[in-house]
Amino acid sequence: MKKIHKLILKAFIQPFFVTFFIVMFVLLMLFLFKYIDDLIGKGFEWYVILELMMYASATNVAMALPLSILLSSIMTFGSLGENYELVAIKS
13 MKKIHKLILK
23 AFIQPFFVTF
33 FIVMFVLLML
43 FLFKYIDDLI
53 GKGFEWYVIL
63 ELMMYASATN
73 VAMALPLSIL
83 LSSIMTFGSL
93 GENYELVAIK
103 S
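Counting from 13, one number per residue, gives the positions in the sequence shown under the working numbering.
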């Protein structure tokens, strides 16, 4: 693996995980707000609600993954362009 690939991958990993967990949190909160009326007052145990949220998070990964890849790549190449590293790569 070339040094430039390692540099870009290293700059990509941290924003990817941060944006992935933020998007997953937002999607889980949307799911919870949507079904809050069905969950409250039914006498469910806390682990049943956590299991439901786990199943919902498995379906939300398909929406969160492309969005986090897009946002983290924009952030990575934006920071590379801001530091004039893209100009150095092209030369």
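We put the beta carbon where it would ideally sit given N, CA and C, even for glycine.
Asked                                                                                             : Found
DSSP three-state assignment for Phe43, whether helix, strand or coil                              : helix
Burial state of Val60, where buried means 16 or more other Cβ atoms lie within 10 Å               : exposed
Val35 burial status per 10 Å Cβ neighbour count (16 or more: buried)                              : buried
Distance, Ala76 Cα to Lys18 Cα                                                                    : 24 Å
Rounded separation between Phe43 and Glu63 - CA only                                              : 13 Å
Sequence-distant residues of its chain with Cβ nearer than 8 Å to Leu40 (five each side left out) : Met65, Ala68, Ser69, Asn72
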